[in-house]
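Undergrad: Sharing a structure below in structure tokens format, with a few things to ask.
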Amino acid sequence: MKRGLKAESWECRKKFWKYSPLNYKYLHSSILELPVGMLDASVDNSLPPQSIKVRDFNFSEEDYEVLREFREMKTAYVVFGQNYLNFAYLKAEHSASNYLNIDMKDGITSMVKKFAPSTINQYGVTLAPYLFLLFNAWRLSCFAEHAFLPHRVIEMLTHDPERQDTIVYKMKALGRCFDNCLRENIYREYLARWVRMCAFNFPAWDRTDVPCPENTVTKARRIMDTIRCLIVFTCFATTENVSETAYWLASRNYLSVINYWGWFRRLYHTVAKEGIEATVRVTVNPDERAVRVEGKLISFEYVAQMKSDLNRDLEAHVEELRRWLEFGSVSDVYMTVMANRSICVVENLSGQDSVFNVIGAEAVSGYTMRFREQESAQNEQVRASILKLVNTITKLLMLAVWINPGLALRFPELSIISFGGSHRNLYFDSDDRVFIIRSRYNKNTKYDTRLLFLDARVSAQLFWFIYILRPFTIVLLGDDISKINISAIMGALTPQEPLTDTHDTEEEVEDINFNAELYYHQMELRNRLNNASPQTIGNAIFKSMVFLDVRKLVLVHRSTFSNMLLKYPTATAMRESHRIRSMRHGLSALWKHFIAGQLYDQTLELGQAVARGFGHSVSVDAAVYGFDNSRTVGPREVPFVSAKKLCQIFQKLTQKGPLITDKACTTSAASEPDEGTIGDYTNLCEAGSGIISGFKFRSVEQERFTNMILTGDRNVLALQAPTAFGKTMTFVLPMLVLKRTRPGKYVHFVAVPYVSLKIATMQRLEEVGLAVADLKLLGSAEWKSKLKNTDVLVGTFDMFGTHATFSFINGWQEELMCVRQKGYFILDEAHALWLEQDFREELKEIHSLRWREFLKIVFISATLPAWLMDELCKQLNLSRYMVRNAGWTNAVHQVPNQKVLKEVTLVPQKEFGGAIEQRVNSYLLGTATGKAIFFFSNKARMRHCYARWKKVVAVAAVDSEMPDRVKLSVFREFESAASPVRVIIGTKLISNGLDCNAVDYVCLADCDVDMIDFLQMVGRIRGSGYLEVVRIAGKKKEFRDAVAHEDLRNVNWSKCITETVASFYSVPAPDQITSCVATRGRSKVVRGRLARCAELYTV
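Just add 21 to wherever you are in the sequence shown, counting from 1, and you've got the working numbering.
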């Protein structure tokens, strides 16, 4: 048994015992003077002398001989360290498992949070020399005056350290020692000096004519981690009162610096902080806007030269392919396909398909790659030359993609960029027609997803690479593609091993943590390809992952990428031979010293997004950028517009030569250089803050679409979003910004389906500070003078569809340019315009308006899926604008209203009125707060039921024959929290113009509605609540055929509602679906509650 444990320890020692390059730091090193104009922002990589007090240690030759003894006993102490820590941990875990995996200090990540046998064995190797030092330091001159354990106890501790049967006695002795020190500061000075000795790498000291070498601050922090484990494990393993020991050792309890553990924690925090700052040691030259990282220069000019050289070499290698091949050029393919506004790009940043599902392969059919001469296809030498060129192009493009956004990814993130599959992270920006990298590889999984935008030039190269070169490469490899090294690719998708001392503290800490995203990616690939043939596996990988070595048939290796990085810039005199780490640190220094400060002046959010863009850890953000990222992270990613702006700032600062742009497709309204900027994200936030204090966008989609309305170059935009998305804010904020940046220039138009909604919209627009008028203004005698002071004209669809309004708006350019120009044309609740047969004539008139004369045409529709929009466009002949040119934003990524409990109840026809009456009664008496809405299929049935409650102040009703202002007054009364009205009854028009956050119950009383109307109705519940569908048993279903598609017919209540909604939007159904199928009567609990309430209620 002993031999087995010993052998295991030896194997662990061999595996984890890693030597690191020595970092000799003399105790009295001279300070070099920097040239004038240089700001020294560097940090020495040694331990902080004031805290560790290394100057107190002066070693004599006798001390040297004592320390040298460790070399002879190293093996024994390594075995002892591993055996001791494993035994102590098992004992401590048995009694104090809740206290072992706690960080040393709030805000500082512990090197190891979850202890595994391999981790403890590694710690045992690191601890070995300092265990020797703990037992023998009393023999050193600098420890002579400080008391420690009695000599008989020390002899017991040092005797035969490899024997496992003595560990329990040694642990008890050390437990008493540490416990006395924690409680009463006994042996405090001795143990404090022992901890401070972690500054010295005495096992490597082999000459007395040189000082004892010092450890780097990173290695010292590791040693302090092992010492912490030794003390914590020992104390918990030997204590009889776990809670009392936990009081002294728990990280959140305040201890003064006089206490040994309080002093140790503060020293640990200081050392960790110094280590983080040491990783970003730079020298800054403000005059030349440059920094030096470890003596290597990096500047905006340096990066610009790198990008220019990369572009030149990549173009040269692409042209070299023309010796044997014919294909479309990079710029032609980009300009005629990806940048072509007539090609629809409907992108979803959480999509799990492929880029080929967004822009099909047929779009590049005229530019595909093929051999000039068929004989070359059979020539192995030619094929080898082509593959060599493809490999070089891959590496050049990989480096260009990495450096282009300025927020350089870690290499593992870069290497697994995918354009297809469930972990796809390459997407189109349908507005600017560039690629977006949505990095979901987060070692610290609690941090936000990052968005990195490529510029047009690199996007063009990447588009050509994926659409033109990759399909040809797959054909060229043929059967050889089955030889792809699956194990090597899977290995790249597994968590990395802990790094050595040569790496920075940040990456060192993060690499130890479990990488969930890569693990799931690996599992997903393995499950997909487990039973596939090698050829299928090879094809799947080549059709999903971007950067593959086509000669070795593996992912491009880190060393290969690093060697390519060392070659740029190509001018030898300018080249600094940066590595990945130094380049990332240099770029972050450029952001910090020359860009971030300006962004902080504009908005704190942009300044924080810089650090978040690099994906640093919490402690690095605090040390380098001056804010605590742990207080800002959450489920959201870095805001879309903020991320785009950051990348564009860096690309502008590092750009040489013109970008590939689509000038013909850019509208003058979006830029207007003669009048200055039309506005940006900051202006939108300011406008929102004027409406709501502390305004923030509710979602990424809302933020993105709002910015597209203001700054995008699309003439037509379309949004499909669920209720409570904040659709009104998407066009109100741009209107407010234009009123500020272009005062008196534009008048906007808002079209809505119903008069009641028109009145409500006018009231809301007036409340935010816009000058609003009814569209009827255009027919008045004083229209011209009033129009000068009007920001928005609001009307119904039928008003916009009249011939007089049509002629007036189409003749605007000739008559009214001197008064105001046409701004946004907003069609709110656009699904009603497309689906209602009553609006067919109005739709034709609106479709005939001169759309290009408006600043933007914006369709806002409630929860309308993209497939239905395509169907409508075909039927209504809207394809030219809505399919080709529209900027789509589909905000429905999951089943809406998941927090609403849904139930369908079948009742006999003769009991229907009583069932509704019972529900109204039970709600009024069974709930103390909240409000309810009852939807009826027709006015007659609604009026019949309402007759029972006409004299009850708590119940109100509306129908279509009421004057619109009366309806609105009823709505406002119901919405008021102080109002006694708690139940409102009406037809489906209640879903238009009513906005009450207190609604928690909705009842559909024998309503036959399609899915869109149904979601509008259930959307009256803004949070959690209860929806009940009361149906007459045996009644035949009614259908309407506004669009010839079965999914738009009335909802089939016999099926689960949640599954029906999920199928309608082509989104996954939630794992746990509440009961929502038809039942006769109601559940026992609900029936009992209603019965008891009904007995109490009398009208």
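Beta carbons: idealized from backbone N, C-alpha and C, even for Gly.
If you run the structure through DSSP and keep just helix, strand and coil, what is N306?
TA: Counting from 1 along the sequence shown, the entry for residue 306 is found at position 285. The answer is strand: DSSP assigns N306 an E or B state.
Undergrad: Taking I1006 as the reference, give the member of L856, D1031, V979 with the closest Cα.
TA: In the sequence shown, counting from the first residue as 1, residue 1006 sits at position 985. Answer by Cα proximity: V979.
Undergrad: How big is the Cα-Cα spacing for K46 and E90?
TA: Residue 46 sits at position 25 when you count from the first residue of the sequence shown. Residue 90 sits at position 69 when you count from the first residue of the sequence shown. Only weak support exists for where K46 lies, its pLDDT of 28 falling under 50; the value from the coordinates is given anyway. About 23 Å.
Undergrad: Per the contact definition of three or more C-beta pairs closer than 8 Å, is the segment 774-781 in contact with the segment 986-999?
TA: Touching, yes, given that three or more Cβ pairs across the two stretches are closer than 8 Å.
Undergrad: Within 8 Å, do at least three Cβ pairs link the segment 244-261 to the segment 169-178?
TA: No contact exists between the segment 169-178 and the segment 244-261.
Undergrad: Looking only at C-alpha atoms, which of D452, R393, F474 sits nearest to W423?
TA: The residue given as residue 423 occupies position 402 in the sequence shown. Comparing Cα-Cα distances from W423 to each of D452, R393, F474, the minimum goes to F474.
Undergrad: What's the gap between the Cα of Q741 and the Cα of F726?
TA: As a position in the sequence shown, residue 741 is number 720, starting the count at 1. As a position in the sequence shown, residue 726 is number 705, starting the count at 1. If you take the alpha carbons of Q741 and F726, they lie about 11 Å apart.
Undergrad: With a cut-off of 8 Å, do at least 3 Cβ pairs link the segment 492-509 to the segment 357-365?
TA: At 8 Å Cβ cutoff, the stretches do not touch.
Undergrad: Which residues does DSSP list as the beta-bridge partners of H1172?
TA: For residue 1172 there is no data in the structure shown, the boundaries of the chain being 22 and 1120.
Undergrad: Can you give me the C-alpha to C-alpha distance between D1016 and E996, rounded to a whole angstrom?
TA: The residue you call residue 1016 lines up with position 995 of the sequence shown. The residue you call residue 996 lines up with position 975 of the sequence shown. Each residue's Cα considered, the two are about 7 Å apart.
Undergrad: In whole angstroms, give me the CA-to-CA distance for S1000 and E994.
TA: On the sequence shown, position 979 is the one that residue 1000 refers to. On the sequence shown, position 973 is the one that residue 994 refers to. Taking the straight line joining both Cα atoms gives about 6 Å.
Undergrad: May I have the straight-line CA-CA distance separating T259 from M192, to the nearest angstrom?
TA: The residue you call residue 259 lines up with position 238 of the sequence shown. The residue you call residue 192 lines up with position 171 of the sequence shown. So the two alpha carbons sit approximately 7 Å from each other.
Undergrad: Would you call W226 buried or exposed, if buried means 16 or more other Cβ atoms sit within 10 Å of its Cβ?
TA: For the purposes of this step, residue 226 is taken as residue 205 along the sequence shown, with counting starting at 1. Looking at its Cβ environment, which holds 16 or more other Cβ atoms inside 10 Å, W226 is buried.
Undergrad: Tell me the DSSP secondary structure of K877 in three-state form.
TA: Working through the sequence shown from its first residue, we reach residue 877 at position 856. Strand at K877.
Undergrad: Considering only C-alpha positions, which residue in the set F746, L430, K797, A561 is nearest to V771?
TA: Taking the first residue of the sequence shown as 1, we reach residue 771 at position 750. When only C-alpha atoms are compared, the closest one is K797.
Undergrad: Exposed or buried, what is Q930 when buried is set at 16 or more other beta-carbons lying within 10 Å of its beta-carbon?
TA: On the sequence shown, residue 930 is found 909 positions in, with the first residue counted as 1. Looking at its Cβ environment, which holds fewer than 16 other Cβ atoms inside 10 Å, Q930 is exposed.
Undergrad: Counting C-beta neighbours from all protein chains within 10 Å, is the total for S51 16 or more, i.e. buried, or is it exposed?
TA: What you label residue 51 is simply residue 30 of the sequence shown in a count that begins at 1. Low local confidence applies: a pLDDT of 26 at S51 is under 50, so the model's placement there is unreliable, and no value is given.
Undergrad: Could you give the residue range of the beta strand (DSSP E) that holds Q741?
TA: On the sequence shown, position 720 is the one that residue 741 refers to. Taken as a continuous stretch (DSSP letters only), the beta strand (DSSP E) holding Q741 covers 737-742.
Undergrad: For N942, name the three-state secondary structure that DSSP assigns.
TA: Your numbering for residue 942 matches position 921 in the sequence shown. Three-state result, N942: helix.
Undergrad: On the criterion of 16 or more Cβ atoms from any shown chain inside 10 Å, does H180 qualify as buried, or is it exposed?
TA: Here residue 180 refers to the residue found at position 159 when the sequence shown is read from its first residue. Flag for H180 reads exposed.
Undergrad: Got a sec? Which residues, its chain only, sit under 7 Å from L318 by beta carbon, not counting five neighbours each side?
TA: Start at 1 with the first residue of the sequence shown, and residue 318 comes out as number 297. A311, E597.
Undergrad: Given a cut-off of 8 Å on the beta-carbon distance, is the pair V1002 and C1024 in contact?
TA: Locating residue 1002 in the sequence shown gives position 981, where the first residue counts as 1. Locating residue 1024 in the sequence shown gives position 1003, where the first residue counts as 1. In this structure, C1024 does not lie closer than 8 Å to V1002 by Cβ.
Undergrad: Does the segment 942-950 come close enough to the segment 1070-1086 that 3 or more CB-CB pairs lie under 8 Å?
TA: The segment 1070-1086 vs the segment 942-950: no contact.
Undergrad: What's the gap between the Cα of N831 and the Cα of F821?
TA: As a first step, residue 831 is located in the sequence shown; it is residue number 810 there, counting from the start. As a first step, residue 821 is located in the sequence shown; it is residue number 800 there, counting from the start. So the two alpha carbons sit approximately 12 Å from each other.
Undergrad: Can you name the start and end residues of the alpha helix (DSSP H) that F846 belongs to?
TA: As a first step, residue 846 must be located in the sequence shown, where it is residue number 825. Looking at the DSSP string, F846 is not in any alpha helix (DSSP H); the run it does join, the beta strand (DSSP E), is 842-849.
Undergrad: Quick one: what's got a C-beta closer than 6 Å to S1084's C-beta in the same chain, skipping five residues either side?
TA: Here residue 1084 is taken as the residue at index 1063 of the sequence shown, counted from 1. Same-chain partners within the cutoff: there are none.
Undergrad: Going by C-alpha distance, which of D701, V793, K865, G790 is nearest F818?
TA: To locate residue 818, count along the sequence shown from 1; it is residue 797. Measuring from the Cα of F818, the nearest candidate turns out to be K865.
Undergrad: Could you tell me whether the segment 318-332 touches the segment 603-611, where touching means 3 or more Cβ pairs closer than 8 Å?
TA: The segment 318-332 vs the segment 603-611: in contact.
Undergrad: Starting from K797, trace the beta strand (DSSP E) in both directions and tell me its first and last residue.
TA: The sequence position of residue 797 within the sequence shown is 776, counting from 1. From DSSP, K797 is part of no beta strand (DSSP E); its letter is neither H nor E.
Undergrad: Could you spell out the range, first to last residue, of the alpha helix (DSSP H) harbouring E1049?
TA: Indexing the sequence shown from 1 puts residue 1049 at position 1028. Not the alpha helix (DSSP H): E1049 falls in the beta strand (DSSP E), residues 1046-1053.
Undergrad: Can you tell me whether DSSP reads F108 as helix, strand or coil?
TA: As a first step, residue 108 is located in the sequence shown; it is residue number 87 there, counting from the start. Residue state, collapsed to three classes: helix.
Undergrad: Quickly, what does DSSP pair M566 with across the bridge? List them, please.
TA: In the sequence shown, counting from the first residue as 1, residue 566 sits at position 545. S439, per the DSSP bridge assignment.
Undergrad: Decide yes or no for the touch test of the segment 749-764 against the segment 800-809: beta carbon pairs closer than 8 Å, at least 3 of them.
TA: Cβ pair count under 8 Å is below three, so no.
Undergrad: Looking only at its own chain, which residues have a Cβ that is under 6 Å from the Cβ of A664, when we skip the five neighbours before and after it?
TA: The residue you call residue 664 lines up with position 643 of the sequence shown. Result list for A664: L472, in chain order.
Undergrad: Please list, in chain order, all residues of the same chain as S350 whose beta carbon is under 7 Å from its beta carbon, the five residues on each side excluded.
TA: For the purposes of this step, residue 350 is taken as the residue at position 329 of the sequence shown. Cβ within range, chain order: n/a, list empty.
Undergrad: Taking the alpha-carbon positions, what's the G1044 to A977 distance?
TA: In the sequence shown, counting from the first residue as 1, residue 1044 sits at position 1023. In the sequence shown, counting from the first residue as 1, residue 977 sits at position 956. Using only the alpha carbons, I get a separation of about 23 Å.
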